[in-house]
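Numbering (my numbering), first residue to last: 99 to 332.
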């Protein structure tokens, strides 16, 4: 699988994709078979695997079990370099450019290098931009950064464009798990009109209507997490 090429082609052809985010800290090995069955039979293109506070080795354990049952590609969405595993197809190499914490601007990435030198994962440089979803998410707590207000569209689109100028190949707009306010159409559309790389959007997207709205605003890939966990979608 070449995840980046798939997203670039989808953007060019205006094809819309969906991923389900599985947080390894919220599931057990016993849960995995049923989760994979649901994803395999849903209108979903990818399984994203990752979280902000997962315990050491838990990602590896869950990823190994997922690979036994999933028919869709698995993309890592790690909150820490310790969460990396070869039991996946691709890695979003995240750069949290909406904040100024050096740990998530460069230090985590440097710590990941010894693992990645020996890995066959497809590594994709990704701008990670936190948008205020009216909830203090685990990502905000762990990264100790402040999300950008959705009303400040100029800062959001300039941040996204800065990421593109730095060579990032994807931009991920994140409102956070269970966000009360998902990333809205105006924000997505502002970024879409500023960058020429595929846009991923996640956080608080809980219905098919919201998925469609974000897709129509310019997102190539929409990520659903909490709604899937609560069995309210797919």
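Built from N, CA and C at the ideal position, the CB exists for glycine as well.
Residue i in three-state terms, based on DSSP
i	result
residue 146	strand
residue 310	helix
residue 252	helix
residue 261	helix
residue 117	strand
residue 221	strand
residue 279	coil
residue 173	strand
residue 332	coil
residue 188	strand
residue 334	Residue 334 lies beyond the residue range present for the chain, which begins at 99 and ends at 332; the question has no answer from this structure.
residue 193	strand
residue 182	coil
Boundaries (first-last residue) of the alpha helix (DSSP H) holding residue i
i	result
residue 241	236 to 241
residue 164	156 to 167
residue 109	101 to 111
residue 131	127 to 138
residue 233	Segment: none, residue 233 is in no alpha helix (DSSP H) and carries neither H nor E.
residue 208	206 to 215
Which listed residue (the options) has its alpha carbon closest to that of residue i
i	options	result
residue 199	173, 167 and 242	242
residue 248	141, 281, 264 and 221	281
residue 308	124, 240 and 321	321
residue 315	104, 107 and 113	113
residue 101	204, 306, 325 and 318	318
residue 197	214, 244, 181 and 323	244
residue 125	109, 148 and 107	148
residue 231	272, 329 and 136	272
residue 105	256, 220, 193 and 297	297
residue 182	134, 155, 194 and 201	155
residue 135	221, 170 and 111	170
Span of the beta strand (DSSP E) around residue i
i	result
residue 321	319 to 322
residue 333	Residue 333 lies beyond the range of the chain shown here (99 to 332); nothing can be said about it.
residue 297	297 to 300
Contact set for residue i: own chain, Cβ-Cβ below 7 angstroms, skip 5 residues either direction
i	result
residue 258	225, 227, 269, 289, 292 and 293
Sequence-distant residues of its chain with Cβ nearer than 8 angstroms to residue i (five each side left out)
i	result
residue 251	284, 285 and 288
residue 185	158, 161, 162, 164, 165 and 172
residue 218	184
Sequence-distant residues of its chain with Cβ nearer than 6 angstroms to residue i (five each side left out)
i	result
residue 325	304 and 331
residue 237	150 and 274
residue 121	149
inquiry  = Quick check: the region 169 to 180 against the region 189 to 205, are at least 3 beta-carbon pairs closer than 8 angstroms?
reply    = yes
ask   = Is the region 260 to 278 in contact with the region 300 to 315, if contact means three or more CB pairs nearer than 8 angstroms?
value = yes
inquiry  = Measuring CB atoms only, is the region 140 to 149 touching the region 117 to 125, in the sense that at least three cross pairs come out at less than 8 angstroms?
reply    = yes
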